[in-house]
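This report refers to the structure that appears directly beneath it.
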Amino acid sequence: MSATIFLDTPQGRRLAYHLTPGAGPCIVFLGGLKSDMEGTKAVHLEAWARGRGYGFLRFDYSGHGESSGIFDEGAIGDWHQDTLAVIDELTEGPLIVVGSSMGGWQALLLARARPERIAGMVTIAAAPDFTEDGWWAGFDGAQKVQLMAVGRVELPSDYMEPYVVTRRMVEDGRDHLVLRTPLDLPFPVRFLQGTADTAVSVETAIRLLQHATGPDMRLLLVKDADHRFSDETCLKIIEDAVIVVRGHG
Numbered sequence: 001m002s003a004t005i006f007l008d009t010p011q012g013r014r015l016a017y018h019l020t021p022g023a024g025p026c027i028v029f030l031g032g033l034k035s036d037m038e039g040t041k042a043v044h045l046e047a048w049a050r051g052r053g054y055g056f057l058r059f060d061y062s063g064h065g066e067s068s069g070i071f072d073e074g075a076i077g078d079w080h081q082d083t084l085a086v087i088d089e090l091t092e093g094p095l096i097v098v099g100s101s102m103g104g105w106q107a108l109l110l111a112r113a114r115p116e117r118i119a120g121m122v123t124i125a126a127a128p129d130f131t132e133d134g135w136w137a138g139f140d141g142a143q144k145v146q147l148m149a150v151g152r153v154e155l156p157s158d159y160m161e162p163y164v165v166t167r168r169m170v171e172d173g174r175d176h177l178v179l180r181t182p183l184d185l186p187f188p189v190r191f192l193q194g195t196a197d198t199a200v201s202v203e204t205a206i207r208l209l210q211h212a213t214g215p216d217m218r219l220l221l222v223k224d225a226d227h228r229f230s231d232e233t234c235l236k237i238i239e240d241a242v243i244v245v246r247g248h249g
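Under full-length UniProt numbering, the first residue of the sequence shown is numbered 1, with each subsequent residue one higher.
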């Protein structure tokens, strides 16, 4: 495995990444909340892309993995800036964007910011607007009061250690919502979603499909797949989706 390389961003962050040269469009993997670029899907897709001679980029947002920063101090907007920095500095030409969970939200934000760069998109349990529709909407009165007064609330998770939700994460999330205004995806898109996902609901996937507009958009539901979406069957489904949106399906 190649050594980790670091990029210094205009915001003063130091982002860890691995870039595999190869034929375009380069595949860019956008990881989930508190995930990192060493996750099963990212590493598997990198090896798969290398075997086909495709370019591939995976990286850690600030406050994640090997990158600088503290997770509890970050927010959706910060990680959007990180995504733009690595895209603008490390890649050229068209991209195939693969976004997992929160990375799906980041992929949609990227589509708004750099639509001309994206040749195709695959999302895996995309979680757009989850700070508002998941966290804030799910808080009871006491939690909302605590968040606004103290600035943080701890939440349990089925997939990781309990994590802290900060007031800044929620308020910043409101500045980056994608399901309240038009969302045009003018390229092939495949939304992948497991029916046994307890972190992102099938209803969320359907809402995204119905809200977004584009010429070639499909939602694939995988029965009994969970949020990780990383067993052998699911990894093959992701591979197939990438092939399709590249235009070689």
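Each residue gets a CB set at the ideal place from its N, CA and C atoms; glycine is no exception.
With the rule of 3 Cβ pairs closer than 8 Å, the stretch 189-204 counts as touching the stretch 124-139. Annotation for Glu-154: the continuous beta strand (DSSP E) segment containing it runs 152-155.
No Cβ-Cβ contact shorter than 9 Å links Val-145 with Leu-155. In the DSSP assignment, Leu-30 falls within the unbroken beta strand (DSSP E) covering 23-30.
For Leu-179, there is no enclosing alpha helix (DSSP H), as DSSP marks it with neither H nor E. Collapsing the DSSP output to three states places Met-169 in a helix. Per the C-alpha coordinates, the member of Arg-152, Arg-52, Leu-183 positioned closest to Met-169 is Arg-152.
When the beta-carbon positions are compared, Ala-196 and Asp-172 stay at least 9 Å from each other. Counting of Cβ neighbours within 10 angstroms places Thr-9 among the buried residues, the total reaching 16 or more. A direct Cα-to-Cα measurement between Thr-181 and Arg-207 gives close to 13 Å.
Of the candidates Ala-16, Asp-78, Pro-215, Pro-21, Pro-215 places its Cα closest to the Cα of Val-245. In this structure, the alpha-carbon of Asp-88 lies about 20 Å from that of His-64. Measuring C-alpha to C-alpha distances from Ile-243 to each of Thr-198, Arg-228, Val-97 identifies Val-97 as the nearest. For Ile-124, the pairing in a beta bridge is given by DSSP as Ser-100, Leu-192. The three-state reading of DSSP puts Arg-207 in helix, counting H, G and I together.
For Glu-132, the CB contacts under 8 Å within the same chain, skipping 5 residues up- and downstream, are Val-170, Gly-173, Arg-174, Leu-177 in chain order.
Non-local C-beta neighbours of Phe-59 in its own chain, meaning closer than 7 Å and more than five positions away in sequence, comprise Leu-15, Ala-16, Tyr-17, Met-37, Val-86, ordered along the chain.
Between Gly-74 and Leu-30, the C-beta spacing is not below 9 Å.
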